[in-house]
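Engineer: In the UniProt record's numbering, the protein residues as written are 1 to 122.
No residue lacks a Cβ here, since even glycine has one placed at the ideal position from N, Cα and C.
Predicted model, so just to flag it, every value in this text is computed and none were measured.
Here it is: the structure, laid out below.
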């Protein structure tokens, strides 16, 4: 059995960690865990929540992506309008309208090309 602890605090919006992950990792990591569970554990996979301090823009999308992956559901690009309407008035920030983040979510990482090149040579 695979057990994953699925923190949402690596996201760029998280106010505590100062990391630069996007929603892409909350697609890829559960997909990988799901594949490994089927490859090695007869599909047995337990996913639990974890940290995450942007409870409006990140945690609902990140944890929902895990559930969708477990159920084998590919979501549409847009988030459900009823969810946005239900929570938008209470949210202190503008809620996202899509499952994925925009490509320009944060400024370019200094020396990214140089770092990537060095990593690829290893």
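With 16 as the cutoff for other CB atoms within 10 Å, does residue 26 come out buried or exposed?
Structural biologist: The residue is buried, with at least 16 neighbouring Cβ atoms inside 10 Å.
Engineer: Nearest to residue 59 by CA position, among 15, 36, 44, is which residue?
Structural biologist: 15
Engineer: Nearest CA to the CA of residue 23: which residue from 122, 101, 116?
Structural biologist: The candidate whose alpha carbon is nearest that of residue 23 is 101.
Engineer: Could you tell me the distance, in whole angstroms, from the CA atom of residue 94 to the CA atom of residue 88?
Structural biologist: 7 Å
Engineer: Can you have a look at residue 113 and say buried or exposed, based on whether 16 or more other CB atoms are within 10 angstroms of its CB?
Structural biologist: exposed
Engineer: Comparing alpha-carbon positions, which option in 45, 21, 40, 19 lies nearest residue 30?
Structural biologist: Per the Cα distances, 45.
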